[in-house]
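Okay, so here's the structure we're looking at.
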Amino acid sequence: MTRPLALPWRQVWHWLTTHDRGLMALRRAGRTAIVMPAMFALGDKVFKNPELATFAAFGSFAMLLLVDFGGTMRDRLRAQASLVVVGAIFVTVATLASRNHWLAAVAMGVVGFGVLFIGVVSSVLAGATTALLLSFILPVSLSAKPAAIPDRLEGWALASAAAMVAITVLWPAPAYDPLRAKAAATSRALAARLHSEVAYLMAAKQGKEFAAHSDAVIAADQAVNELHRLFLATPYRPTGLSTSARAVIRLVDQLNWLSVVLFEGRKPKQGRPVNKPACAAKKAAAAVLDLGADLLENPHGSTQALESALADLRTALAALERNASSELPSLPAETDSVAAMAEDHVDEVIDALDPSFRTQELSFLVSLIGRNIDEAARAEQRTFIGRLLGRSPVPSLPGAALPGTLSAAHERALAHFDPHSVWLRNSVRGAVGLALAVLVAELSGVQHSFWVVLGTLSVLRSSALNTGQNVLRAVVGTTVGVAVGSALLVPIGSDTNLLWFLLPLAILVAGVAPAAISFAAGQAGFTVVLVILFNIIQPIGWKVGLLRIEDIVLGCAVSLVVGLLFWPRGAAAALSKAMAEAYGDSARYLAASVDFAVLQCDSTAPRNGSKGNGANGISSADAAAQQAVRAAAAARRMDDTFRNYLAERGSKALPLAEVTRLVTGVAGLRLAADAVRDLWDRDDHAFDDRAEARIELLRHAETVRDWYDDLAESLDGHGAVPAAQARDEDSDVRLVRAVERDLRDEDGQATATAVRMIWTGDHLDAVRRLERILVQSALVATDRTAGRPPRRVLAEAR
């Protein structure tokens, strides 16, 4: 008899779990529904202080519903305590500024910009943005004398204490980092792919190893795609300022590009023997990935096994380089003519080094991954004092150290002090909108001025179009909320006891509605909560709802005006600009890295006119390091713009798949530059006999850089998308000829430097091969921006 009644609840639960992944919104709403009415009742009925009751209620709302810190319970409590302290400061400052309309507006603008912009430093700060803003909006909108500060702080403190208890004991979220867990799974999948590839090669590419390798490739690709989707699932980079979080976030690009490198690997020619040193290096790389996954899952475990595996990988890589030198074919008869060198011999040299280069390329990436995981684990194992002071863990591996917390914060913030930064633009837009809303609300004399400011905050987005859409949703949602609230008040009348009963239910619905239903539904639910709340304080019936409609329309109008005046085109227009800057700076970084490769740290060596070199007495190493910082800053701005673009409501002006491919290409360009620098950091030979090879590599780097500069110009709307470059066979001949003549020892044996020279050229060639992928995406993106039908590349470069 009870099944027909139980069935709807099952359907509701299924719908809720489908729309509220992990029940995150339900968890926040449930806590708030318990704590907020309790704090409001304590202030209103026990302390009989309306000021205290208001700040206790809205403080609970801000600290429980508008923010949900992740990480371990210790990390959450620490973040919550920081929110409490900053919020108390904001309450005090806002109250002092609230008596003067102009001072209140200026203070709101300054604080608003600071809170909105500081989110670029850390996802923890970004997630607390709305809660921090509310702690300032409420007191600055409710004008009061300084004598009201103690009551307001008591209400805030009451809410803070209750919030700390609530997140600890009321349905606490599990200490689970989905990004770390997915990175570990992806690392294992890529390790399995490498293991299967070695088994496949050693078995002469036949038998059951073929099927196992195919399955491993599919599983690895799926794992990488899932990791990338998870990484892009939030409108800000999902990482904090902690060393561990920063180390883990670097793994995403590295694991993604490792998958690309494995995919791009050329198949060995038929009949060529298996390169056993390359297979040994791949097995060592797979061991690093497996042990790294173990340490990601258990960061408090020992790092010794991973350190040993990385040492084994370095040993295998050194053996690979020695073998590559011995594998180079013998030099044909001496000739000074480039054209006279047999094309077969050039192909033979390149084919002989290709398997070792592919292995060197992936070994470099795996070494980066291993060092990052080691750094993350050592950061987790710091003492409490070390964490508190933000001390960087002592690295056990070369190149593993990340900058300290303050340095990282400064670097991230500085990267966005750029006129093209969408984060900077949104911060300015939001600050101006909030300041104008405070001023308009105060000068117009509306009864509940903070509703005007909340309305502005709710609907202001990154473009005028999206702001206009949210204005409509906000007004519709508020109107529906007023209708529902009025329908409740008509039969209830002045019975506040029943309103106390309905308040927790209204808060629960209002907390779940935005995530599970829509923005408009959330506005409706919040309106019902306010109607009930203010009728408990001062029963005036359904008229309070009409006041909210009036105030929200005013706030929406402010948002719309600001959205139209400040960069109205939004993230879609800024994304092409951000990608152009990222490609331009990354290409210059690659050219500077090649300059470092061929000149090392000798600032007096001739530079052959390369535009990617150091200048004004700066060594090539310092020039490359400076370009690396610029490229990283541009990549951060592009990443944040891309996330902002994904978070915008409505149809996308640019095709998501093509844009994602272009964004990923920047990471490949930067990692190629990193690989070139890493390759030559280990070299200590003299350069006196490398003139010809230097010139050829610099020429190749300049050609590649110029192509990516042209691509950047086309993405920015200046010029056509360049066609992908075909392989320069003459360049290969010239480089091999230079190596053959200048870089063999007295016995005619190629040196390790010769191998590195050719590998540097291979890194440049890998970036050139990337062009054919980027051209199609750039054509589609630029055609969509210009309103043309998308074109297709009919012929691709080899």
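In this note's numbering, each residue's number is its place in the sequence shown (first place is 1) plus 11.
Built from N, CA and C at the ideal position, the CB exists for glycine as well.
Range covered by the alpha helix (DSSP H) that runs through residue i
i	result
R42	35-52
N437	433-455
R32	From DSSP, R32 is part of no alpha helix (DSSP H); its letter is neither H nor E.
N286	Where N286 is concerned, there is no enclosing alpha helix (DSSP H), given that its DSSP letter is neither H nor E.
Q233	219-242
T507	507-527
N546	530-548
G728	From DSSP, G728 is part of no alpha helix (DSSP H); its letter is neither H nor E.
G120	112-129
F170	The sequence given here has Ala at residue 170, not Phe. Element bounds for A170: 160-180.
V687	667-692
P189	189-213
M84	84-108
L153	Counting along the chain, L153 falls outside any alpha helix (DSSP H), and DSSP gives it neither H nor E.
G466	460-470
T314	Premise fails: T314 is in no alpha helix (DSSP H) and is neither H nor E.
S66	The question names Ser, yet the displayed sequence has Phe at residue 66. Note, F66: alpha helix (DSSP H), 61-71.
Same chain, Cβ closer than 8 Å to residue i, neighbours up to 5 away in sequence not counted
i	result
I380	S198, L262, Q265, L266, L269, V299, L300, G303
F101	V122, L143, S146, F147, P150
L400	Its pLDDT being 42, under 50, L400 is placed unreliably in this model, and the coordinates cannot settle the point.
A792	S587, L665, P666, E669, V670, L673, L726
V486	I560, I563, V564, C567
W182	R38, G41, R42
V36	Note on identity: in this sequence residue 36 is Ala, with Val being the wrong assignment. Correct list, in chain order: G522, V523, P525, A526, A527.
Backbone CA spacing between residue i and residue j [nearest angstrom]
i	j	result
P288	L321	16 Å
V540	T490	13 Å
A789	A194	29 Å
V569	A448	6 Å
A602	A608	10 Å
M74	R767	56 Å
H239	G679	15 Å
R654	L586	10 Å
H206	I229	14 Å
A636	P284	40 Å
L27	V457	38 Å
R672	E391	33 Å
S133	S337	49 Å
E308	R191	8 Å
P189	V209	30 Å
A813	G166	The structure shown does not extend to residue 813, since the chain is modelled only from 12 through 809, so no value can be given for it.
F512	I547	11 Å
D794	H729	13 Å
D689	A388	23 Å
Q534	I160	30 Å
S455	R21	49 Å
S319	F577	55 Å
Any chain C beta carbon closer than 8 Å to residue i
i	result
T314	The chain inventory of the structure shown lacks chain C, comprising one protein chain alone.
Same chain, Cβ closer than 7 Å to residue i, five either side skipped, listed in chain order
i	result
E807	Since pLDDT at E807 reaches only 41, below the 50 mark, its modelled position is unreliable, and no value is offered.
L781	G676, G679
A686	E372, F375, H774
K293	L205, E208, V209, T370
A296	L205, L324, L373, S374, V377
L519	A40, G41, A44
A67	M50, F51, L53, G54, G166, L169, A170
Candidates the options: closest to residue i by CA position
i	options	result
T544	L34, W24, A49, H311	Correcting the residue identity first, residue 544 is Leu in this sequence and not Thr. Comparing Cα-Cα distances from L544 to each of L34, W24, A49, H311, the minimum goes to A49.
G566	P502, A524, N481	N481
V443	A115, G595, D717	A115
G574	P666, L610, S469	S469
H311	V95, K156, V520, E386	E386
G70	M47, F80, G82, A296	M47
A531	P515, G488, C290	G488
N60	R163, A329, R87	R163
R423	A646, M175, F51	A646
A170	G125, V96, G120, G496	V96
D692	S604, M649, A712, P733	S604
L328	L306, F368, V463	F368
Residues near residue i in its chain [Cβ-Cβ closer than 6 Å; skip 5 each side]
i	result
S597	A642, V677, L680, R681
W434	V131, H427, D651
F80	R87, A90
A118	A108
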